[in-house]
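Going by this note's numbering, the sequence shown opens with residue 53, and the numbers climb by one from there.
Glycine is no exception: its CB is placed at the ideal position from the N, C-alpha and C atoms.
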Amino acid sequence: MLVDGEIILRFVVAVVIGLLIGLARRHKPAGIRTFTLLCFGSAIFTVISVAGPFTTSAAYDPTRVIAQIVAGIGFLGLGVIWKEGLDKPSGLTTAAAIWVTAGLGILVGLGMWVETLAATVFTLAILYSKKPLTLAHLEE
Numbered sequence: 053m054l055v056d057g058e059i060i061l062r063f064v065v066a067v068v069i070g071l072l073i074g075l076a077r078r079h080k081p082a083g084i085r086t087f088t089l090l091c092f093g094s095a096i097f098t099v100i101s102v103a104g105p106f107t108t109s110a111a112y113d114p115t116r117v118i119a120q121i122v123a124g125i126g127f128l129g130l131g132v133i134w135k136e137g138l139d140k141p142s143g144l145t146t147a148a149a150i151w152v153t154a155g156l157g158i159l160v161g162l163g164m165w166v167e168t169l170a171a172t173v174f175t176l177a178i179l180y181s182k183k184p185l186t187l188a189h190l191e192e
């Protein structure tokens with residue numbers, strides 16, 4: 053069973069991670085507040101799903117809540133993608149960052165600290181890289 057201090061720690065870590073990712077995307081339509089709330093919200097629902105078996109007597113599957121987070125975030129990501137003509141999709145990186153940030157919030161909510169740290173470092177490295185990586189870059 054989760055104790056209050058551990059739950060609050062998970063919330064604080066989720067907010068910090070969301071802030072860090074939001075800072076990387078601060079000049080985009082989805083910025084600091086969006087990513088902070090997204091990571092925090094994912095952690096909240098994950099903590100609820102983890103604590104659920106201790107608060108209800110009904111049959112309970114915590115993975116169902118996590119699956120619904122992923123599905124719901126898909127709609128949010130879709131909202132930031134639009135097309136500027138047939139050949140120019142826009143907002144794909146922001147949508148992907150939204151999806152990954154939800155995953156980070158889930159990791160935090162589950163208390164998977166090593167995985168959270170590794171995934172956060174990878175995410176920030178990708179978002180802060182300036183030059184897009186394409187297959188043409190690999191061939192050089």
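Check                                                                                                                   : Outcome
Can you tell me which of V122, A149, G143 and L162 puts its alpha carbon nearest to the alpha carbon of L71?            : A149
Output the boundary residues of the alpha helix (DSSP H) element that contains I59.                                     : D56 to A76
For a test of the three-state rule: what should DSSP assign to P141, helix, strand or coil?                             : strand
Express the C-alpha separation of G143 and V117 in angstroms, rounding to a whole number.                               : 27 angstroms
With distances taken Cα to Cα, identify the nearest neighbour of G157 among P141, L179, S101 and K80.                   : S101
On the criterion of 16 or more Cβ atoms from any shown chain inside 10 Å, does L99 qualify as buried, or is it exposed? : Residue identity check: residue 99 is Val in the sequence provided, not Leu. Flag for V99 reads buried.
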